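Asks: Dumping the structure here so I can ask a few things about it.
Residue numbers (our numbering): 1 to 140.
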């Protein structure tokens, strides 16, 4: 949440960083910080891709860049990527319907089709791999 708040503040011209926000994590302290905050000469702008450039690589956000740089072996607590492993135990789930629903969600949300390389990102029209690897263990 603090990184999200810091990014929103940066977009409005504030120079406050996550460490400053974390020192006293409450609304009153943050309002005090903002009242005496240094301001950038102009608020940050976000470059939105044109319809013609949607499939072209573009810059990472500051939060994405922090995740990418944090993966480096030279960083304190680095050399670990951000990831999640989810396992569900359910009854009466149709695996094909579940896979089709997941694909619909991925097609609707561009960041679920993103690839990251060389400090940049690109939204793929059609990803090369399925959404997830379905393991059906009902007969085991």
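Just so it is clear, CB atoms sit at the ideal spot from N, CA and C, and this is done for glycine as well. Bear in mind that the values here come from a model prediction, so they are computed numbers and not experimental data.
Can you tell me the Cβ-Cβ gap for residue 7 and residue 63, rounded? I've got them flagged as a contact below 8 Å.
Replies: 6 Å
Asks: Which of the three DSSP states, helix, strand or coil, is assigned to residue 121?
Replies: strand
Asks: Among 53, 129, 82 and 19, whose alpha-carbon lies nearest the alpha-carbon of residue 65?
Replies: 82
Asks: Kindly indicate the opening and closing residues of the alpha helix (DSSP H) around residue 106.
Replies: 95 to 108
Asks: If you draw a straight line from the alpha carbon of residue 75 to that of residue 68, how long is it in whole angstroms?
Replies: Rounded to the nearest angstrom, the gap between the Cα atoms of residue 75 and residue 68 is 11 Å.
Asks: From the DSSP output, which residues share a beta bridge with residue 114?
Replies: 123
Asks: Cα separation between residue 86 and residue 14?
Replies: Looking at the two C-alpha atoms, the distance is approximately 37 Å.
Asks: Would you identify the three-state DSSP class for residue 59, choosing helix, strand or coil?
Replies: Three-state DSSP puts residue 59 in a strand.
Asks: Considering Cα atoms alone, identify which of 34, 131, 92 and 96 is closest to residue 112.
Replies: 131
Asks: Looking at residue 57 and residue 122, is the spacing between their C-beta atoms short of 8 Å?
Replies: A contact, by the Cβ cut-off of 8 Å.
Asks: What residue does the alpha helix (DSSP H) around residue 34 start on, and which one ends it?
Replies: 27 to 35
Asks: Label residue 9 either buried or exposed according to how many other C-beta atoms from any shown protein chain fall within 10 Å of its C-beta, with 16 as the threshold for buried.
Replies: Burial check for residue 9: the Cβ neighbour count within 10 Å reaches 16 or more, so the residue is buried.
Asks: Should residue 129 go down as buried or exposed, given a rule of 16 or more other Cβ atoms within 10 Å for buried?
Replies: Around the beta carbon of residue 129, fewer than 16 other beta carbons sit within 10 angstroms, so the residue counts as exposed.
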